[in-house]
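S.K.: In the order they appear, the protein sequences are chains A and B.
Note that this note's numbering gives residue 199 to position 199 of the first sequence, counting from 1, and the numbers run on in steps of one.
Position in the second sequence counted from 1, then plus 1000, gives you this note's numbering.
Note that CB positions come from ideal geometry on N, CA and C, so glycine has one too.
Take this structure, written in structure tokens, and hold onto it; I'll ask about it next.
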Amino acid sequence: MRHGKYPFIIGFLVVPVALYCTFVVAAYLQAFQLSFTSWSGFGAIKYIGLENFHKLWNDDLFWKSLRHNLFLLILLPVVTVALALVIAFLLNVGGSSRGGQTRGVRGSKAYRIIFFFPQLLALAIVAVIFQRVFGPDKSGMINGLFPDSWDNWLFLADERWAMTCILIVLIWQAVGFYVVLFSAGMGSIPAEIYEAAALDGASRIKLFFRITIPLLWGTIQVAWVYLGIAAFDAFAVVNIMTVDRGGPNGATSVLSLMIWRNTFEFSQVGYASAIGVVLFFLTLTFAALTLRVTRRESLEA
Amino acid sequence: MSNITSVPGADVVPTPAAKSAGRKPTVKREVNALTGMAHIGLILWALATAGPLIWVVLASFKTNTEIFLGKPFALPASFSFKTYADAWTEAHVGRYFINSVIVVLLSTAGTMLLGSMSAYVLARYRFFGNRFIYYLFVSGLAFPTFMALGPLFYILRSMGLLGTYTGLVLVYIAYSLPFTVFFLAAFFKTLPYEIEEAATVDGASHTRKFFQIMMPMARSGLVSITIFNIVGQWNQYLLPLAIITGPGTDDKLLLTQGIAKISVSAGYHAEWSTLFAALTLSILPMIIVYAIFQRQIQAGLTAGAVK
Chain A
1 MRHGKYPFII GFLVVPVALY CTFVVAAYLQ AFQLSFTSWS GFGAIKYIGL
51 ENFHKLWNDD LFWKSLRHNL FLLILLPVVT VALALVIAFL LNVGGSSRGG
101 QTRGVRGSKA YRIIFFFPQL LALAIVAVIF QRVFGPDKSG MINGLFPDSW
151 DNWLFLADER WAMTCILIVL IWQAVGFYVV LFSAGMGSIP AEIYEAAALD
201 GASRIKLFFR ITIPLLWGTI QVAWVYLGIA AFDAFAVVNI MTVDRGGPNG
251 ATSVLSLMIW RNTFEFSQVG YASAIGVVLF FLTLTFAALT LRVTRRESLE
301 A
Chain B
1001 MSNITSVPGA DVVPTPAAKS AGRKPTVKRE VNALTGMAHI GLILWALATA
1051 GPLIWVVLAS FKTNTEIFLG KPFALPASFS FKTYADAWTE AHVGRYFINS
1101 VIVVLLSTAG TMLLGSMSAY VLARYRFFGN RFIYYLFVSG LAFPTFMALG
1151 PLFYILRSMG LLGTYTGLVL VYIAYSLPFT VFFLAAFFKT LPYEIEEAAT
1201 VDGASHTRKF FQIMMPMARS GLVSITIFNI VGQWNQYLLP LAIITGPGTD
1251 DKLLLTQGIA KISVSAGYHA EWSTLFAALT LSILPMIIVY AIFQRQIQAG
1301 LTAGAVK
């Protein structure tokens, strides 16, 4: 019956596995290996033990970049999830209530279509758009909207606010996706639960905190992990949108940008790999911590 | 993973027959106020979302003087498509766009073919090393692409694939495999075994069963993950930036790279309206595609996050 099973299995697996091993597995393994070397990209590879990590420990730019990543890591998930939850809740149960039924707000489909659209735009293109939106003179959209009597805001050129601008762009792009995700989750919560609570006199605010959030907990966790991983990236936005790429004066430098510049601009592939290894362990720790800390009794049926 | 294709379309919490118990007026007022606030909040966010995009389209018709005048949402003095012609020919948006289409077509097709083949074998055949290969693929999800960037560059250079679409497409496929395999393997596991057994009894070969029985049965899962890969690969910026580089690659740039490049040169030459026209040209097709496949796209992109 299973005649010719092994030739078939091998035939189907050999190309994908070979491709994957060549470009993905080999590259990651080499990244670990190179993090212990002083390789510049050319010539012989020289092992220098943990020197790269030691250098990293004393590198001010590394700590600065790490702080910026942590800034995004904390605020991006908090703000995005909060906004998306509120918007999804308004869409699903913000409508008028007739005879005990809570209904979606009128036009919720149209809202959802608009909110989701930024997800389809490349982050690189979003970054180019917002570079102009945050333009430091009247040609910028926001400064253009301000009354003429106001001084122009510098936005990205201001060290104090440049990171916030990046955060805003990432939130702007991400919220719609999570609105749709949470809406799908809310749609699958049985209406009887809401009805029963409403009959007991629970207000909608109470419904939101006591029913919606606990029942969506699993989805919120997933969202948190995804957004955290996005916070460790942010390369496209920083590389394209910021002043002097990572400036002004290093105010928007992030780890991904450091890896890029050390690899392709400073010929310090070994050092870049060491940052990559640190980034890997940070991501892993974050994901494990999130899943552990937010673990709850599963309420989902 | 059984319900991955369910479309998040249920915007109304369905309730059985209404029961009009006597409701207190205070409750009703609270509800009306909340509905009003809900609309205000939703409209504000819709404006925040659509505003910058509308602004880009308006600015693409304006002269530099008009752009620097302030009043970002004022209508342009005249509607001329000259900026669009400039963006298409002189700034090469048309070429970048076609480049992106070619690369994404090839790489998505390759990803789907190789991804579904490996996912199918890993999900439905028992053999030595099955789990090892499966976890090898899935572990790729845990690594940040940034880590691999340097080594990847030198691997491609040593193979002579740097600056070529062959190299880029192969890399796209390789880096899309972990999620594709993870998602499709789970999907193939849920498909019934009876039909497959019947086909075996009828003497169908393994290859034939895959292409003629399993692939059509897995259609909904395949559609979701295809959309996911198209959007993901279309939006790639990091990999093309690292791979399509070096002498003679100027007209090989992809759309994301190209727009970033136009943005830089627009800054030097103060040709803002050309940049805005280029942006409009790159956004517009997305709007059209989205308008047609809105449901499928939302379902496909969120499928990965729904258990």
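Show which residues of chain A have a CB atom less than 8 Å away from the CB atom of I1133/B.
M.R.: Ordered by position in chain A, the residues that pass the 8 Å Cβ test against I1133/B are L13 and V17.
S.K.: How many angstroms separate the CA atom of R1039/B from the CA atom of W153/A?
M.R.: Reading off the sequence shown, one finds His at residue 1039/B, where the question assumed Arg. Between H1039/B and W153/A, the C-alpha separation is close to 30 Å.
S.K.: Identify the contact partners of S65/A in chain B, using a Cβ-Cβ distance below 9 Å as the criterion.
M.R.: Result: empty, since nearest Cβ-Cβ is about 12 Å, beyond 9 Å.
S.K.: DSSP on K1024/B, reduced to helix/strand/coil?
M.R.: Here K1024/B scores only 49 on pLDDT, less than 50, and its place in the model is too uncertain to base an answer on.
S.K.: I'd like to know if I166/A contacts chain B, where contact means its C-beta is closer than 8 Å to some C-beta of that chain.
M.R.: I166/A does not count as touching chain B.
S.K.: Under 8 Å Cβ to Cβ from D148/A, same chain only, skipping five residues before and after it: list those, please.
M.R.: Within the same chain, D148/A has no close Cβ partners at all.
S.K.: Would a C-beta distance cut-off of 8 Å place I1098/B and G1167/B closer than the cut-off?
M.R.: Against a cut-off of 8 Å, the Cβ pair of G1167/B and I1098/B comes out as no contact.
S.K.: I'd like the span of the alpha helix (DSSP H) that includes D1086/B, first residue to last.
M.R.: Looking at the DSSP string, the run of the alpha helix (DSSP H) that includes D1086/B is K1082 to T1089.
S.K.: I need the DSSP call for T37/A, collapsed to helix, strand or coil.
M.R.: Strand, per DSSP.
S.K.: Ordered along the chain, which non-local residues of its own chain (more than five positions away) have a Cβ less than 6 Å from that of F1182/B?
M.R.: The answer, listed in chain order, is V1138.
S.K.: Could you tell me which of N1235/B, M1147/B and I1259/B sits nearest to L120/A, measuring between CA atoms?
M.R.: Cα-wise, what sits closest to L120/A is N1235/B.
S.K.: Taking the straight line between their C-alpha atoms, what separation do you get for Q1233/B and T294/A?
M.R.: Using only the alpha carbons, I get a separation of about 32 Å.
S.K.: Assuming P1151/B and Q30/A make a contact with CB atoms under 8 Å, what is their CB distance in whole Å?
M.R.: That pair is a contact at about 4 Å.
S.K.: Along chain A, which residues have their Cβ under 7 Å away from the Cβ of V1056/B?
M.R.: What V1056/B touches in chain A: I129.
S.K.: Using 10 angstroms around the beta-carbon of E265/A, count the other beta-carbons present and answer buried if the total reaches 16, otherwise exposed.
M.R.: By the 10 Å Cβ count, E265/A comes out exposed.
S.K.: Within a Cβ cutoff of 6 Å, which residues of the same chain sit near W260/A, ignoring the five residues on either side of it in sequence?
M.R.: No residues qualify anywhere along the chain.
S.K.: Strictly below 8 Å CB to CB, what residues from chain B border F286/A?
M.R.: Under the 8 Å cutoff, chain B gives no residues; its nearest Cβ is about 11 Å from F286/A.
S.K.: Chain A partners of K1189/B, CB-CB under 7 Å?
M.R.: What K1189/B touches in chain A: nothing, since even the nearest Cβ is about 16 Å away.
S.K.: Helix, strand or coil for Y47/A per DSSP?
M.R.: Y47/A: strand per DSSP, three-state reduction.
S.K.: Distance, Cα to Cα, I1054/B vs F116/A?
M.R.: Approximately 16 Å, taken between the alpha carbons.
S.K.: Tell me whether M163/A, by its Cβ, gets closer than 7 Å to a heavy atom of the ligand NAD.
M.R.: The ligand content of the structure shown is nil, which means the ligand NAD is not present either.
S.K.: With a threshold of 16 other CB atoms inside 10 Å of the CB of Q173/A, please say whether the residue is buried or exposed.
M.R.: By the 10 Å Cβ count, Q173/A comes out buried.
S.K.: At which residues does the alpha helix (DSSP H) containing D60/A begin and terminate?
M.R.: First-last of the alpha helix (DSSP H) with D60/A: D60 to V93.
S.K.: Quick check on N249/A: does DSSP put it in helix, strand or coil?
M.R.: Three-state DSSP puts N249/A in coil, outside helix and strand.
S.K.: Quick one: give me the first and last residue of the alpha helix (DSSP H) that K1209/B is part of.
M.R.: Its alpha helix (DSSP H) spans residues H1206 to K1209.
S.K.: Going by C-alpha to C-alpha distance, which of G1041/B, T1280/B, F1061/B and T1249/B sits closest to I125/A?
M.R.: The residue with the shortest Cα to Cα distance from I125/A is T1280/B.
S.K.: If the criterion is Cβ atoms closer than 8 Å, does the pair L1301/B and V1231/B meet it?
M.R.: Yes.
S.K.: How long is the line joining the alpha carbons of R112/A and Y1135/B, rounded to whole angstroms?
M.R.: For R112/A and Y1135/B, the distance between alpha carbons rounds to 36 Å.
S.K.: Taking a cut of 9 Å between CB atoms, which residues from the region 1231-1244 of chain B lie near chain A?
M.R.: Cβ contacts with chain A: V1231, W1234, N1235, Q1236, Y1237, L1238, L1241 and A1242.
S.K.: For S188/A, name the three-state secondary structure that DSSP assigns.
M.R.: It is coil, neither helix nor strand.
S.K.: Evaluate N92/A with the Cβ neighbour count: other Cβ atoms within 10 Å of its Cβ, from every protein chain shown; 16 or more gives buried, anything less gives exposed.
M.R.: It is buried - the Cβ of N92/A has at least 16 other Cβ atoms within 10 Å.
S.K.: So, do the region 1252-1265 of chain B and the region 1182-1200 of chain B have three or more beta carbon pairs nearer to each other than 8 Å?
M.R.: Touching, no.
S.K.: Kindly say whether S38/A, judged by its beta-carbon, lies nearer than 8 Å to any beta-carbon of chain B.
M.R.: So, not an interface residue.
S.K.: Going residue by residue through the region 134-199 of chain A, where are the continuous alpha helix (DSSP H) segments of at least 4 residues, counting only ones entirely within it?
M.R.: Segments of the alpha helix (DSSP H) lying fully in the region 134-199 of chain A: 141-145, 162-187 and 191-199.
S.K.: At what residue ranges does the region 1201-1287 of chain B contain a whole run of the alpha helix (DSSP H), taking only runs of 4 or more?
M.R.: DSSP runs (the alpha helix (DSSP H)) wholly in the region 1201-1287 of chain B: 1206-1209, 1219-1234, 1238-1243 and 1255-1269.
S.K.: To the nearest angstrom, how far is it from the Cα of L1114/B to the Cα of T1108/B?
M.R.: Near 10 Å, if we compare the C-alpha coordinates of T1108/B and L1114/B.
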